[in-house]
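A.B. asks: Below you will find the structure I want to go over with you.
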Amino acid sequence: MNNLAAIWLTVQLATVTTCILLFFGTALAWWLSRTKSRTKPIIEAVTALPLVLPPTVLGFYLLIIMSPDNAIGSFWVHLTGSTLTFSFAGLVVASVIYSLPFMVQPLQNAFETVGSEPLEAAASLRASPLNAFFTVAMPLSARGFLTAIVLTFAHTVGEFGVVLMVGGNIPGETRVISIAIYEHVETLQYAAAHSLSLALLGFSFVVLLAVYTLNRRFPIRIR
Amino acid sequence: MLAIDICTSLGEFELEVTTKIPLDGITGILGPSGSGKTTLLRVLAGFEPAEGRIIVDDEVWLDTKSKTEIAPHRRSLGYMFQDTRLFDHLSVAANLEYASSRTLSEIKKIVVDDVVDAFDLSPLLKRRPAELSGGEKQRVALARTLLTNPRFLVLDEPLSALDEQRRSDILPYIDTMASQFQVPALYVSHAVGEVAHIARRILALSNGRVQANGPTNEILERLDLLDVTGRFEAGSVVEATVIDHVERHRLTRLIIDGQTLTMPMEPGLAPGDQIRLRVRARDVALALIRPESISIRNILDATIVDLFHGPGSPYVEALVEFQKQRLRARITLASVEDLSLAVGMHVFVLIKSVTFESSLA
Numbered sequence: 001m002n003n004l005a006a007i008w009l010t011v012q013l014a015t016v017t018t019c020i021l022l023f024f025g026t027a028l029a030w031w032l033s034r035t036k037s038r039t040k041p042i043i044e045a046v047t048a049l050p051l052v053l054p055p056t057v058l059g060f061y062l063l064i065i066m067s068p069d070n071a072i073g074s075f076w077v078h079l080t081g082s083t084l085t086f087s088f089a090g091l092v093v094a095s096v097i098y099s100l101p102f103m104v105q106p107l108q109n110a111f112e113t114v115g116s117e118p119l120e121a122a123a124s125l126r127a128s129p130l131n132a133f134f135t136v137a138m139p140l141s142a143r144g145f146l147t148a149i150v151l152t153f154a155h156t157v158g159e160f161g162v163v164l165m166v167g168g169n170i171p172g173e174t175r176v177i178s179i180a181i182y183e184h185v186e187t188l189q190y191a192a193a194h195s196l197s198l199a200l201l202g203f204s205f206v207v208l209l210a211v212y213t214l215n216r217r218f219p220i221r222i223r
Numbered sequence: 001m002l003a004i005d006i007c008t009s010l011g012e013f014e015l016e017v018t019t020k021i022p023l024d025g026i027t028g029i030l031g032p033s034g035s036g037k038t039t040l041l042r043v044l045a046g047f048e049p050a051e052g053r054i055i056v057d058d059e060v061w062l063d064t065k066s067k068t069e070i071a072p073h074r075r076s077l078g079y080m081f082q083d084t085r086l087f088d089h090l091s092v093a094a095n096l097e098y099a100s101s102r103t104l105s106e107i108k109k110i111v112v113d114d115v116v117d118a119f120d121l122s123p124l125l126k127r128r129p130a131e132l133s134g135g136e137k138q139r140v141a142l143a144r145t146l147l148t149n150p151r152f153l154v155l156d157e158p159l160s161a162l163d164e165q166r167r168s169d170i171l172p173y174i175d176t177m178a179s180q181f182q183v184p185a186l187y188v189s190h191a192v193g194e195v196a197h198i199a200r201r202i203l204a205l206s207n208g209r210v211q212a213n214g215p216t217n218e219i220l221e222r223l224d225l226l227d228v229t230g231r232f233e234a235g236s237v238v239e240a241t242v243i244d245h246v247e248r249h250r251l252t253r254l255i256i257d258g259q260t261l262t263m264p265m266e267p268g269l270a271p272g273d274q275i276r277l278r279v280r281a282r283d284v285a286l287a288l289i290r291p292e293s294i295s296i297r298n299i300l301d302a303t304i305v306d307l308f309h310g311p312g313s314p315y316v317e318a319l320v321e322f323q324k325q326r327l328r329a330r331i332t333l334a335s336v337e338d339l340s341l342a343v344g345m346h347v348f349v350l351i352k353s354v355t356f357e358s359s360l361a
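Protein chains in written order, with the working numbering: chain A, 1 to 223; chain B, 1 to 361.
What follows is the structure in structure tokens.
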């Protein structure tokens with residue numbers, strides 16, 4: 001029962017995070033793939049930070065930013081009446097930041113592969129830039145989208161450090177699968193830890209197998 | 001009328017074009033590679049930034065002084081890319097529909113059925129671009145471009161990726177585009193032969209500057225444009241009228257400025273047809289007296305109107321005139337001296353071979 005609640009919460013968190021990132025990550029990836037701005041390397045580096053930072057570092061800073069003692073945290077309390085830390089909403093914010101590179105990088109790669117040629121062709125056929133994005137760039141990047149969505153979802157499912165720092169361990173609110181496993185091990189409930197771990201292992205393997213089978217064209221990279 | 005007055009630079013290269021091009025029929029844009037032909041088209045389409053003005057009829061597309069710049073998708077220009085740029089994720093039919101569905105109904109004169117008929121596309125409609133041959137892709141791309149019902153088309157070396165055989169398969173379709181659909185076009189090429197065949201006018205570019213702009217015949221005759229036209233099969237285009245066919249010798253007899261000429265038989269032609277011929281400069285020789293006992297059959301009277309000798313060249317480019325029409329001849333400098341050839345002299349023109357180009361409607 002305990003485990004089912006954790007699984008359900010994890011699925012919710014990963015779905016919400018993926019949906020939010022699908023919107024913002026696509027916009028950011030599109031901008032990065034098109035811009036000639038000098039700020040591009042800075043934005044790229046910031047986007048890739050979660051790949052190299054220890055989750056505890058990221059979680060620590062997020063905890064501070066989200067704390068009711070600070071502007072953003074207190075604004076959230078003012079807005080909703082509850083704190084951002086140790087809540088599902090806080091987990092979503094943290095996951096969005098933590099999983100950002102997993103959405104942006106495959107998409108940026110895909111958009112760069114599409115190049116400007118098909119978009120010029122679309123413009124010459126009277127498609128507005130937005131229309132050309134939806135009718136040409138997106139379909140031509142379909143595999144990039146698939147990779148990005150799958151990786152983002154899977155990575156969010158697997159996160160631990162950031163969640164622990166920001167969300168703690170509140171059943172039904174912030175206790176996701178990885179936290180539940182930790183909890184089981186701490187309390188020496190190895191059987192329960194086993195079943196969850198095995199499920200996560202199987203899930204992760206299937207997801208990665210799917211991604212690698214479908215394509216290897218839009219890899220995650222740190223540059 | 002297309003009025004262009006633009007300059008732009010890409011790295012080291014500078015393009016500076018000021019010219020006016022009447023928008024009717026096909027205008028060839030000729031020049032060696034790197035002369036700025038494609039850049040000019042990209043500036044017209046709005047894909048490349050430039051300073052200056054572009055005015056199409058009364059519509060201002062670009063005027064950097066008044067900060068006017070029409071977005072590429074709002075410019076009524078059809079762009080046929082060298083690499084066709086068909087959408088790989090759509091079928092041929094969907095590629096055509098993509099263009100047609102985005103065209104305002106009040107300007108939509110050309111519809112999908114028209115181009116499918118004209119370019120023989122019905123067997124291809126369900127296929128994906130990846131399943132088409134090079135020539136088929138070009139046909140679909142040309143059709144797709146026409147479906148936007150543009151004020152004019154720009155074609156960027158549409159035949160350069162095709163072999164000789166495919167080229168001659170496609171050229172009739174480009175003729176169709178101009179004659180049946182009455183869409184004016186700028187046709188970029190570095191092949192004089194292609195341009196001479198289909199273009200009424202030529203804009204000659206060299207090093208990012210306009211070298212000449214005028215009717216095809218005049219430009220091909222111009223001896224000072226050899227670095228643009230002369231690198232290739234230099235020659236002339238002349239107009240002639242069909243007299244009849246000589247079945248026994250497999251020849252067609254023609255009349256050009258009152259003089260008779262023969263060429264290999266073109267059975268499709270009928271007496272009275274007006275046609276265009278292409279004569280390569282190196283297939284033309286000059287003589288001071290009418291040669292006899294010679295295998296060349298086409299010997300015509302003419303007058304030398306120009307002689308041009310490029311520095312360091314063993315050849316002299318001569319321009320001879322019949323009554324009105326003119327022909328280029330490439331002869332050696334030695335011959336010019338031996339025969340004391342000069343402008344105004346009467347000569348006999350020996351034409352070794354004549355190529356049929358096209359019928360004039």
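We put the beta carbon where it would ideally sit given N, CA and C, even for glycine.
None of the values given here were measured: they were computed from a predicted structure.
Is B/Leu147 helix, strand or coil when you go by DSSP?
C.D. replies: Of the three classes helix, strand and coil, the one that applies to B/Leu147 here is coil, per DSSP.
A.B. asks: Is the beta carbon of B/Leu286 closer than 8 Å to that of B/Ala334?
C.D. replies: No, Cβ-Cβ distance for B/Ala334 and B/Leu286 is not below 8 Å.
A.B. asks: From this set, B/Lys324, B/Asp24, B/Gly235, B/Val320, which residue's C-alpha is nearest B/Leu153's C-alpha?
C.D. replies: Of the listed residues, the one whose Cα sits closest to B/Leu153 is B/Asp24.
A.B. asks: Using beta carbons (cut-off 8 Å, strictly below), is B/Phe119 in contact with chain A?
C.D. replies: So no, B/Phe119 is outside the interface.
A.B. asks: Let me check understanding here. Comparing Cα to Cα, which of B/Asp117, B/Pro271, B/Leu147 lies closest to A/Ser124?
C.D. replies: Closest by alpha carbon: B/Leu147.
A.B. asks: Kindly list, in the order they appear in chain A, the residues whose Cβ is closer than 9 Å to that of B/Arg127.
C.D. replies: What B/Arg127 touches in chain A: nothing, since even the nearest Cβ is about 17 Å away.
A.B. asks: Please identify the residue among A/Val163, A/Leu51, A/Ala27, A/Thr113 whose C-alpha is closest to the C-alpha of A/Leu130.
C.D. replies: Comparing Cα-Cα distances from A/Leu130 to each of A/Val163, A/Leu51, A/Ala27, A/Thr113, the minimum goes to A/Ala27.
A.B. asks: Tell me the rounded alpha-carbon separation between B/Ser358 and B/Pro172.
C.D. replies: Distance between the alpha carbons of B/Ser358 and B/Pro172 is about 10 Å.
A.B. asks: Which first and last residues belong to the alpha helix (DSSP H) in which A/Gln12 is found?
C.D. replies: Its alpha helix (DSSP H) spans residues 2–34.
A.B. asks: In chain B, which residues lie with their C-beta within 9 Å of the C-beta of A/Arg34?
C.D. replies: Under the 9 Å cutoff, chain B gives no residues; its nearest Cβ is about 14 Å from A/Arg34.
A.B. asks: With A/Gly73 as the anchor, note down where its beta strand (DSSP E) starts and where it stops.
C.D. replies: A/Gly73 -> not in any beta strand (DSSP E); alpha helix (DSSP H) instead, spanning 71–80.
A.B. asks: Under the DSSP definition of a beta bridge, which residues are partnered with B/Ile29?
C.D. replies: B/Ile29 pairs with B/Val188, B/Leu203.
A.B. asks: On a Cα-Cα basis, can you pick out the residue from B/Leu2, B/Glu14, B/Ala3 that is closest to B/Ser206?
C.D. replies: Checking every option, the nearest Cα to that of B/Ser206 belongs to B/Glu14.
A.B. asks: Where in the segment 59–91 of chain B do unbroken runs of the beta strand (DSSP E), each at least 3 residues long, occur, reported from the N-terminal end onward?
C.D. replies: Fully enclosed beta strand (DSSP E) runs of 3 or longer: 59–63, 77–80.
A.B. asks: Indicate whether at least one CB of chain A lies closer than 8 Å to the CB of B/Gly11.
C.D. replies: Not an interface residue.
A.B. asks: So, does the CB of A/Ala5 fall closer than 8 Å to a CB anywhere in chain B?
C.D. replies: Answer no: the Cβ-Cβ gap between A/Ala5 and chain B never drops below 8 Å.
A.B. asks: When the Cα of B/Ala366 is compared with those of B/Glu12, B/Ile26, B/Gly34, B/Leu44, which residue comes out closest?
C.D. replies: No information on residue 366 of chain B is available, as it lies outside the stretch 1 to 361 that chain B covers here.
A.B. asks: Return the chain-ordered list of same chain residues with a C-beta closer than 8 Å to the C-beta of A/Ala193, the five sequence neighbours on each side being excluded.
C.D. replies: Excluding sequence neighbours, A/Ala193 sits near Ile181, His184, Val185.
A.B. asks: Taking the C-alpha atoms as reference points, what is the distance between B/Arg201 and B/Thr39?
C.D. replies: Straight-line Cα distance between these residues: approximately 20 Å.
A.B. asks: Mapping DSSP to helix, strand and coil, what is B/Ala118?
C.D. replies: Looking at B/Ala118 - three-state DSSP - the assignment turns out to be helix.
A.B. asks: Could you tell me whether any non-hydrogen atom of the ligand MG is closer than 7 Å to the CB of A/His184?
C.D. replies: In the structure on display, the ligand MG does not appear, and there are no ligands present to speak of.
A.B. asks: Give me the residue from B/Thr8, B/Arg85, B/Val112, B/Ala141 with the minimum Cα distance to A/Leu140.
C.D. replies: For A/Leu140, the nearest C-alpha among the options comes from B/Arg85.
A.B. asks: Mind checking B/Arg231: buried by the 16 CB within 10 Å criterion, or exposed?
C.D. replies: Reliability fails at B/Arg231, whose pLDDT of 45 lies under 50, so the model's placement of it is uncertain and no value is given.
A.B. asks: One question on the structure: do B/Asp210 and B/Val17 come within less than 8 Å of each other, judged by their Cβ atoms?
C.D. replies: The sequence shown places Val at residue 210 of chain B, not Asp. Result yes, Cβ atoms of B/Val210 and B/Val17 sit closer than 8 Å.
A.B. asks: Does A/Leu84 get closer than 8 Å to chain B when you measure Cβ to Cβ?
C.D. replies: With 8 Å as the cut-off, A/Leu84 does not count as an interface residue toward chain B.
A.B. asks: Between the Cα of A/Val157 and the Cα atoms of A/Gly202, A/Leu188, A/Leu146, which residue gives the shortest distance?
C.D. replies: Ranking the options by Cα distance to A/Val157, first place goes to A/Gly202.
A.B. asks: Judging by CA-CA distance, which residue of A/Asn3, A/Leu32, A/Val206 is the nearest neighbour of A/Ala110?
C.D. replies: Per the Cα distances, A/Leu32.
A.B. asks: For B/Gly34 and B/Gly52, what's the separation of their Cα atoms in angstroms?
C.D. replies: So the two alpha carbons sit approximately 21 Å from each other.
A.B. asks: Grouping DSSP H, G and I as helix and E and B as strand, with all else coil, what is B/Thr39?
C.D. replies: B/Thr39: helix per DSSP, three-state reduction.
A.B. asks: Cβ of A/Leu13 less than 8 Å from any chain B Cβ?
C.D. replies: Taking Cβ atoms only, chain B never reaches closer than 8 Å to A/Leu13, which makes this a no.
A.B. asks: Skipping 5 residues on each side, what residues in its chain have a beta carbon closer than 6 Å to that of B/Arg144?
C.D. replies: Answer for B/Arg144: Asn95, Leu96, Ala99, listed in chain order.
A.B. asks: If B/Ala93 sits next to B/Lys137, beta carbons under 8 Å apart, how far is it from one beta carbon to the other, in whole angstroms?
C.D. replies: About 15 Å separates the two Cβ atoms, so there is no contact after all.
A.B. asks: Can you check DSSP and say which residues form a bridge with B/Asp315?
C.D. replies: The residue you asked about is not Asp; residue 315 of chain B is Tyr in the sequence shown. Answer is B/Thr332.
A.B. asks: Could you check the C-alpha separation between A/Ala89 and A/Pro101 for me, to the nearest Å?
C.D. replies: Using only the alpha carbons, I get a separation of about 20 Å.
A.B. asks: Select from B/Asp257, B/Val238, B/Leu269 the residue whose C-alpha is nearest the C-alpha of B/Glu247.
C.D. replies: Among B/Asp257, B/Val238, B/Leu269, the Cα nearest to that of B/Glu247 belongs to B/Leu269.
A.B. asks: Could you name the residues of chain B that A/Pro50 contacts, counting a contact when the two beta carbons are closer than 8 Å?
C.D. replies: Result: empty, since nearest Cβ-Cβ is about 32 Å, beyond 8 Å.
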